[in-house]
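A short write-up of the structure that comes next.
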Amino acid sequence: MTDTVITETTQAGVRTLTLNRPDKLNAANDALLLALTDALRRADAEDSVRVVVITGAGRGFCAGQDLGNVSGRDMTFTEHLNHTYNPLIRTIRTLGKPVISAVNGVAAGAGASLALAGDIRLWAQSASLIEVFSNIALVPDSGSTWFLPRLVGYHRAFELMALAERVHPEDALRLGLCEQVFPDDTFRADVQAYAERLAARPANALKLTKQALVFAQTSTLDEALDQEAVLQQIAGDHWEHEEGVTAFKEKRPAQFVRDAK
């Protein structure tokens, strides 16, 4: 796809979705949000796609909502969120494949929520995150009030949101807002290499692991134990498990990627 708000490339089982409004630091308009949601759903339906990367073109990851896109429009805040951001965040969290947020620059407002929504967050050295909503007297949305306190605790989350403090990579690592930080000049290659490592892992097992983790975040221990037992049976009945056990016995690396027929 070219000349569009979302560009797509696929290499070694990794589908990279790039927000493509670099002149706006990839600030989100309706077209971008709806196209990203659609691209994610299509990637989920393709067996050859094993990992999805979301990143930004140019200097920014996503500067949040493009206010010019909503100014003066006959739509309430609630309607706008339910039409655009909320379906996108739900799609990321329920996608049956790992989603990597590759934060190449500033992630602000709803862009911060998008960065936090990934299963794995990889940052460039020049990346930053800012919950900027209070600067325009709004409430954090698009999942930030759910993601951020679970990562940093209620009190630190409130401080970051109330003061709109910018978080830089060293603090992001310390706070658990990202898993890795890579140099700017090798960032895209480093992200691809990381994603390919993930793509070589057992896809079905990772899908079920994600499902179990998402379920456990809002369940009791007893409910989580029951869910684990159900999902473990599904995993155990899959060919990946047989391959993993056989490879272990034969003292060789397991091959979890089958050639397309």
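FYI, UniProt numbering numbers position 41 of the sequence shown as 41, with every residue one higher than the one before it. Think of the CB as a built atom: it goes at the ideal place given N, C-alpha and C, for glycine as much as any other residue.
Simplified DSSP state of residue i, which is helix, strand or coil
| i | result |
| --- | --- |
| residue 284 | An answer regarding residue 284 cannot be provided, because it is not within the stretch 1 to 261 covered by the chain. |
| E250 | coil |
| V70 | helix |
| F256 | coil |
| H238 | coil |
| residue 278 | The structure shown does not extend to residue 278, since the chain spans only 1 to 261, so no value can be given for it. |
Of the residues the options, the one placed nearest residue i, counting alpha carbons only
| i | options | result |
| --- | --- | --- |
| Q125 | I92, A108, R150 and D184 | D184 |
| Y85 | G68, G111, V99 and L198 | G111 |
| D44 | A157, I92, V245 and W146 | I92 |
| residue 308 | V5, F215, I136 and K97 | One cannot answer for residue 308 here, as it falls past the ends of the chain, which runs 1 to 261. |
| E170 | M75, A127 and V139 | A127 |
| L138 | V191, G244, F77 and A157 | F77 |
| P22 | T16, R15 and L32 | L32 |
| Q65 | R59, P149, L40 and H80 | H80 |
| R90 | S142, Q192 and V52 | S142 |
| R258 | V52, A199 and P87 | A199 |
Presumed contact (8 angstroms Cβ cut-off) between residue i and residue j, rounded CB distance
| i | j | result |
| --- | --- | --- |
| N104 | T55 | 5 angstroms |
Every unbroken alpha helix (DSSP H) within the region 146–210, with a cutoff of 4 residues, ordered by chain: 154–163, 169–175 and 187–199
Unbroken stretches of the alpha helix (DSSP H), 4 residues or longer, contained in the region 77–158: 77–83, 85–94, 110–117 and 144–152
Those runs of the alpha helix (DSSP H) which lie wholly inside the region 3–66 and span at least 4 residues: 30–45
Segment contact flag, the region 205–224 with the region 124–140, C-beta cutoff 8 angstroms, min 3 pairs: no
The region 231–242 touching the region 46–63, judged by at least three CB pairs closer than 8 angstroms: no
Cβ pair count under 8 angstroms reaching 3, the region 3–17 against the region 33–42: yes
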